[in-house]
Amino acid sequence: EAVEKLLAPCGALRVRTLAHGPTKVARITTADDVATKEAATTAAAQARALPPLDLVTLNVTLAGVGVSVVDSVPQELAYLTVFGVALRARRTTLATQAELDVQHVQLDNQLWETPS
């Protein structure tokens with residue numbers, strides 16, 4: 042008890058041993074630190090219990106997109122066609138979600154002769 046009062050005149054110490062990879066860590070805190078962390082943990086748990094609030098919602102729908110790949114000649118090498126593109130993204134107070142749907146993808150070689 043004399044050592045506890047010498048090290049922590051305000052009360053007792055709490056010692057926890059944690060595994061951090063191949064190393065063990067001894068975490069020493071005072072009772073005040075423990076109470077503060079428990080209060081923060083409780084507040085975080087209460088925030089998770091609340092329904093998430095939408096911060097940003099994005100919905101993009103495209104009937105089709107075409108992209109040509111051109112070299113320095115300029116000569117068209119390939120043509121990429123994408124149909125039925127739908128992008129939905131949502132950011133809330135708890136998470137970020139994104140979803141991309143593509144109905145059809147086609148890549149066409151535009152060269153008369155394919156180099157061997």
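Heads up: the sequence shown begins at 42 in my numbering, then just goes up one per residue.
Glycine is no exception: its CB is placed at the ideal position from the N, C-alpha and C atoms.
So, for residue i: in the same chain, excluding its five sequence neighbours on each side, which residues have a beta-carbon less than 6 Å away from its beta-carbon?
i: A127; result: T102 and D142
i: V44; result: Note that V44 has pLDDT 44, beneath the 50 cutoff, so the model's placement of it is unreliable and no number is given.
i: E117; result: S109, V111 and Q151
Going by beta carbon distance, what residues of the same chain come within less than 7 Å of residue i, once the five residues before and after it are set aside?
i: L148; result: A119 and L121
i: Q144; result: F124 and G125
i: T134; result: P93, L94 and L96
i: T155; result: none
i: N100; result: R129
Return the residue from the list the options that minimises the CA-CA distance to residue i.
i: V146; options: A60, V123, A136 and T98; result: V123
i: V108; options: Q151, R57 and L59; result: Q151
To the nearest angstrom, how far is it from the Cα of residue i to the Cα of residue j?
i: L94; j: R129; result: 17 Å
i: Q138; j: A104; result: 23 Å
i: R132; j: G125; result: 23 Å
i: A136; j: R57; result: 31 Å
i: V97; j: L59; result: 38 Å
i: V114; j: V106; result: 24 Å
At which residues does the beta strand (DSSP E) containing residue i begin and terminate?
i: S109; result: D95 to V111
i: T134; result: From DSSP, T134 is part of no beta strand (DSSP E); its letter is neither H nor E.
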